[in-house]
Every structure is written in structure tokens, then in C-alpha cells.
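Trainee: Following our numbering, the residues of the sequence shown are numbered contiguously, the last one being 1008. Here it is, the structure in full.
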Amino acid sequence: MTDVLNMTENILSIAVTISFAGIAISLLLLLYQVIIGPTQPDRAVALDAIGINIMALAGIMAIYLVTSKLNDVILLVGILAFLGTLSIAKYLEKGVIIDRDLN
906 MTDVLNMTEN ILSIAVTISF AGIAISLLLL LYQVIIGPTQ PDRAVALDAI GINIMALAGI
966 MAIYLVTSKL NDVILLVGIL AFLGTLSIAK YLEKGVIIDR DLN
């Protein structure tokens, strides 16, 4: 029985390491897209994808650390990424984020 647990732990360790590497490469490429992106909407999509990758990184870290304490962090990053995406989309569409009608 301990052989099966050791093998499962080794497979999980390898999968987590590969996942960390993949997300790190993805974050580097997305950062490049944000800096060099040809248009503003491309940069907005890259920023949204960075938020998703940070959520995935927190989830994999929770698996690696064998804890459920990072679930709140994942939810918080998701909410902030969503609000950021909304504000960027509104800015790209109208040119302002907060409309002030004084009439």
C-alpha cells in the first residue's frame, strides 16, 4: 500500500512541477503581449489571461501545499480580474471609466 502512495506522490509532484513551468512560460508570453501587443484590445485580453493564470498558479500552489486556505485568494483574484476587464473594456469603448453627467 505504501508503494502505491509513494508512486502517487511522485506522479503528483511531477505534474505540479510541469504545471508550474507551463504557467510560468504562459505568464512570460502574456507579459510580452501586454508590453508589445499591437492593439489595445490585445493588451486587454492578455491582462485578463494573466489574471486567469494567477488563479491557476494559486490553485496549483494549494495542491502542492495540501491546503484549502488559498481558495479565498483564487476567488479574490477572479473578482479583481473581472472588474479590471470590465473597466478596461469600458475605457476602450467610451474613453472614460466613470461617466459624470452633471445635467
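Note that beta-carbon positions come from the ideal geometry of N, C-alpha and C, so glycine has one too. Remember, it's a predicted structure, so these values are computed and weren't measured experimentally.
Assuming S992 and I1002 form a contact by the criterion Cβ under 8 Å, report the distance between their Cβ atoms to the nearest whole angstrom.
Mentor: What you label residue 992 is simply residue 87 of the sequence shown in a count that begins at 1. What you label residue 1002 is simply residue 97 of the sequence shown in a count that begins at 1. The pair is a contact, with the Cβ atoms about 5 Å apart (cut-off 8 Å).
Trainee: Please report how far the alpha carbon of L910 lies from the alpha carbon of V939, in whole angstroms.
Mentor: As a working note, residue 910 is residue 5 in the sequence shown. As a working note, residue 939 is residue 34 in the sequence shown. Cα-Cα distance, rounded: 42 Å.
Trainee: Distance, Cα to Cα, G989 vs L997?
Mentor: For the purposes of this step, residue 989 is identified with residue 84 of the sequence shown, where counting begins at 1. For the purposes of this step, residue 997 is identified with residue 92 of the sequence shown, where counting begins at 1. If I take the Cα positions, the gap works out to 12 Å.
Trainee: Check whether the stretch 952-961 and the stretch 920-939 touch, using three or more Cβ-Cβ pairs below 8 Å as the test.
Mentor: yes
Trainee: Report the option in L935, A929, D1004 and T907 whose CA atom is closest to the CA atom of M966.
Mentor: Counted from its first residue, the sequence shown places residue 966 at position 61. Selected option, being the one with the closest Cα: A929.
Trainee: Compare the beta carbon distance of L975 and A994 with 7 Å and say whether it is the shorter of the two.
Mentor: On the sequence shown, position 70 is the one that residue 975 refers to. On the sequence shown, position 89 is the one that residue 994 refers to. No, they are not a contact pair.
Trainee: Should V982 go down as buried or exposed, given a rule of 16 or more other Cβ atoms within 10 Å for buried?
Mentor: In the sequence shown, counting from the first residue as 1, residue 982 sits at position 77. V982 is buried by the Cβ-count criterion.
Trainee: Tell me where the alpha helix (DSSP H) around M912 begins and ends.
Mentor: If you number the sequence shown from 1, residue 912 lands on position 7. Looking at the DSSP string, the run of the alpha helix (DSSP H) that includes M912 is T907 to I941.
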